[in-house]
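Notes to accompany the following structure.
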Ligand code: ASP
């Protein structure tokens, strides 16, 4: 049994058309289904899905990133392997094409979980990860038009994936440029295991939304802890989004449990997401039908 769910951010606005993202998310899920059918690990598929999302330029992560208030592109990403509970993360990384690849390298090649800023960039360089030459030519600014994102409103966009492989292993990965109009050095939930990303033996989650709120409820880990305590995935994920809503935050999350159940609650207008069920069905949704 395999299953998968991906997201392209909860910053979706009803007035905007998402046809390109819908087509692309389906392509990502179809490509990852082939890999899962071939026996690839949840970890490899989570990274591959997020790399496709980062490289598309359609979401506010990787190529689609938007700059901070000082005009710098500071990107965050994290990954967690549910079967080993290893995690890796980078924050405020500049100059590299796939922050999720850097997060994986931190997990696999260092004794640490998180590297930030210049240290993260030096490490990514040592790992010979793909660099961005001309930033102006590379970044598409995918979030332009998502709304007018005035500074301070925490408008946002992110990508993520949760995967269950044929061996019953779960993994999650998330990547973002953060919220629009963010201060230099601002770090949200995305690169923080337990806040923006989590995977253990029972559940995996990847969050998107106003990260300041997701950090304060340990959103991704809280989903897994609720599942471990016996709650259904649907109830666990809804409870976390409700708690964020009560605090005044907006966003959503995707999650998957070891039985292949998927959930994708959000309290924002929309959340770009797509999934593969254990039965092999593929679905895509931005706004609730
Ligand atoms: N959660 C991300 C952050 O706060 C933004 C997003 O999901 O769109 O950095």
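Residue numbers (UniProt numbering): 1 to 289.
Note that CB positions come from ideal geometry on N, CA and C, so glycine has one too.
This structure is a prediction, so every number in the text was calculated from the model and none was measured.
1. Taking just the CA atoms, how far does residue 60 sit from residue 149?
2. Hey, out of 75, 27, 279, 289, whose CA is closest to residue 157's CA?
3. Using only the alpha-carbon positions, how far apart do residue 191 and residue 18 sit?
4. Would you mind sorting residue 110 into buried or exposed? The rule is 16 or more other CB atoms within 10 Å of its CB.
5. Using the three-state DSSP reduction, which class does residue 56 fall into: helix, strand or coil?
6. With hydrogens ignored, establish whether the beta-carbon of residue 293 is closer than 7 Å to any heavy atom of ligand 1.
7. Pick out whichever of 100, 13, 81, 4 has its Cα sitting closest to the Cα of residue 292.
8. Quick test of the definition: if touching needs 3 or more C-beta pairs under 8 Å, does the segment 196-203 touch the segment 82-99?
9. Taking residue 39 as the reference, which of 172, 167, 231, 272 has the closest Cα?
10. Is residue 38 helix, strand or coil when you go by DSSP?
11. Would DSSP call residue 263 helix, strand or coil?
12. When every heavy atom of ligand 1 is checked, does at least one fall within less than 7 Å of the C-beta of residue 222?
13. Apart from the five residues just before and just after residue 81, which ones in its own chain have a Cβ nearer than 8 Å to its Cβ?
14. Sort out for me which residues DSSP pairs residue 254 with in a bridge.
15. Looking only at its own chain, which residues have a Cβ that is under 6 Å from the Cβ of residue 141, when we skip the five neighbours before and after it?
Inspection of the coordinates gives the following:
1. Here the question's residue 149 lines up with position 149 in the chain shown. Here the question's residue 60 lines up with position 60 in the chain shown. Below a pLDDT of 50, predicted positions are generally treated as unreliable, and residue 149, at 49, falls in that range; the measurement from the model is reported next regardless. C-alpha separation (whole angstroms): 12 Å.
2. Locating residue 157 in the chain shown gives position 157, counting from the first residue. Closest option to residue 157, Cα to Cα, is 75.
3. Within the chain shown, residue 191 is the residue found at index 191, counting from 1. Within the chain shown, residue 18 is the residue found at index 18, counting from 1. Their backbone Cα atoms lie some 26 Å apart in a straight line.
4. Taking the first residue of the chain shown as position 1, residue 110 is located at position 110. By the neighbour-count rule (16 or more Cβ atoms within 10 Å), residue 110 is not buried but exposed.
5. Taking the chain shown and counting its residues from 1, one reaches residue 56 at position 56. Of the three classes helix, strand and coil, the one that applies to residue 56 here is helix, per DSSP.
6. No statement about residue 293 is possible, as the shown extent of the chain runs from 1 to 289 and does not include it.
7. Within the shown structure, residues of the chain are numbered from 1 to 289, placing residue 292 beyond reach of any answer.
8. yes
9. Within the chain shown, numbered from 1, the residue matching residue 39 stands at position 39. It is 167.
10. Within the chain shown, the letter at position 38 stands for residue 38. Note: residue 38 maps to coil in three-state DSSP.
11. In the chain shown, counting from the first residue as 1, residue 263 sits at position 263. Of the three classes helix, strand and coil, the one that applies to residue 263 here is strand, per DSSP.
12. By one-based count along the chain shown, residue 222 stands at place 222. Incorrect: residue 222 has no Cβ contact closer than 7 Å to ligand 1.
13. Locating residue 81 in the chain shown gives position 81, where the first residue counts as 1. Hits under 8 Å: 42, 43, 87, 107, 169, 171, 199.
14. Locating residue 254 in the chain shown gives position 254, where the first residue counts as 1. Residue 254 is bridged to 206.
15. Translated into the one-based positions of the chain shown, residue 141 becomes position 141. Cβ neighbours of residue 141 beyond the five flanking positions: 66.
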